[in-house]
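By this note's numbering, the letter at position 114 of the sequence shown is numbered 139, and the numbering carries on one by one without gaps.
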Amino acid sequence: MIERVGRPPGRFWRRKECWVPTWRTWLIALVVGLAGGFGVVFGIHPFLALTRPVPSDVLVVEGWCDDEVMKAALAEFERNRYSSLLVTGGPVDMGAALNPYATFAEFGAANLRKMANPEVPIVPVPAPRVDRDRTYSTAVALRQWFLKQGSPPARINLVTVGPHARRSRLLFQIALGKETEVGILSIPDPKFDPDRWWTSSAGVRSVIGEFLAYAYAATLFQPTPVSAVAAMPSPPVDRPHGP
Numbered sequence: 026m027i028e029r030v031g032r033p034p035g036r037f038w039r040r041k042e043c044w045v046p047t048w049r050t051w052l053i054a055l056v057v058g059l060a061g062g063f064g065v066v067f068g069i070h071p072f073l074a075l076t077r078p079v080p081s082d083v084l085v086v087e088g089w090c091d092d093e094v095m096k097a098a099l100a101e102f103e104r105n106r107y108s109s110l111l112v113t114g115g116p117v118d119m120g121a122a123l124n125p126y127a128t129f130a131e132f133g134a135a136n137l138r139k140m141a142n143p144e145v146p147i148v149p150v151p152a153p154r155v156d157r158d159r160t161y162s163t164a165v166a167l168r169q170w171f172l173k174q175g176s177p178p179a180r181i182n183l184v185t186v187g188p189h190a191r192r193s194r195l196l197f198q199i200a201l202g203k204e205t206e207v208g209i210l211s212i213p214d215p216k217f218d219p220d221r222w223w224t225s226s227a228g229v230r231s232v233i234g235e236f237l238a239y240a241y242a243a244t245l246f247q248p249t250p251v252s253a254v255a256a257m258p259s260p261p262v263d264r265p266h267g268p
């Protein structure tokens with residue numbers, strides 16, 4: 026009589042063959058993973074910091090950007106002979122007692138006027154206060170400003186900082202619609218080396234944060250209707266509220 030060894034077969038258990046990766050498979054997976062990781066590290070900043078200008082005579086710069094971006098915007102304006110330089114931005118969130126400007130549009134425009142010659146036509150375009158989607162709300166305010174002047178231009182070029190560029194272009198294009206083609210110019214962020222962004226905390230925060238924000242904007246963003254944003258009260262232009 027043959028004695029059964031191990032767990033006896035029955036209706037609750039059965040033997041099944043299981044395939045497992047060999048060391049060669051694990052090695053290939055490791056190499057592919059490392060290659061993909063290096064591709065992301067070295068490719069994510071150029072992807073986000075998009076520069077793709079279009080022929081236009083209207084230049085727009087985001088008013089919250091630092092002085093290096095403002096200087097680059099002025100250089101672009103003079104180099105390509107634009108007819109107007111518009112500055113966007115919503116309310117300044119801190120330092121109201123020290124800052125005489127209600128919005129980043131006004132602050133950025135005043136900063137540019139100090140840098141530029143008096144002939145440069147610099148116009149602030151303030152946006153209302155919103156709880157979220159601030160870049161989109163500034164683009165909607167810009168569209169409303171264009172409509173008040175007559176009609177939106179066929180093309181504009183937008184100047185912003187580093188990895189914020191791709192998301193800014195996307196949101197401005199959504200807000201401005203098919204009537205206006207949005208070109209983009211990305212100015213390197215002076216706070217970190219764009220070729221080695223992962224070596225500084227400022228670079229990691231900026232690049233990773235912008236990548237997540239762009240992924241949200243490109244996939245999950247549900248824009249507030251333009252009419253609803255436009256109906257919000259805008260801060261007064263060039264009206265100091267500080268000492």
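Where a beta carbon is used, it is the ideal one built from N, C-alpha and C, also for glycine. In this text the structure is predicted, and so the values were computed from the model without any measurement.
The Cβ-Cβ distance between S211 and T185 falls below 8 angstroms. For L111, the enclosing beta strand (DSSP E) covers residues 109 to 114. With contacts defined as CB atoms closer than 8 angstroms, G187 and S231 qualify as a contacting pair.
Counting only residues of its own chain and dropping the five nearest sequence neighbours on each side, P116 has a CB closer than 7 angstroms to the CB of A127, T128, R154, P260. Beta-bridge analysis with DSSP links G208 to N182. For the pair of segments examined, the region 84 to 94 was found to touch the region 206 to 223: the number of CB pairs separated by less than 8 angstroms reaches three. When the alpha-carbon of I147 is set against those of E87, V57, R194, A74, the nearest one is in E87.
In the three-state scheme derived from DSSP, where H, G and I count as helix and E and B as strand, P78 is classed as coil. The straight-line gap separating the alpha-carbon atoms of A141 and L99 is approximately 7 angstroms. In the DSSP assignment, E87 is bridged to T113.
When DSSP states are grouped into helix, strand and coil, V148 belongs to the strand group.
Straight-line spacing of the CA atoms in L111 and D220 works out to 30 angstroms.
For Y241, the enclosing alpha helix (DSSP H) covers residues 226 to 244.
Between the C-alpha atoms of P151 and V57 there is a straight-line separation of about 48 angstroms. Its chain contains A190, R191, R194, I209, S211 as the residues whose beta carbon lies nearer than 8 angstroms to that of L75, once the 5 sequence neighbours on both sides are disregarded; these appear in chain order.
Residue pairing by DSSP places T128 opposite P116 in a beta bridge. Counting C-beta atoms within 10 angstroms of its own C-beta, S108 has fewer than 16 neighbours from the protein chains shown and is therefore classed as exposed. With respect to the C-alpha of D82, the residue from V145, A164, G228 having the closest C-alpha is V145.
Around the Cβ of R159, a 10 Å sphere holds 16 or more other Cβ atoms; the residue is buried.
The Cβ atoms of L52 and Y239 do not sit closer than 8 angstroms to each other.
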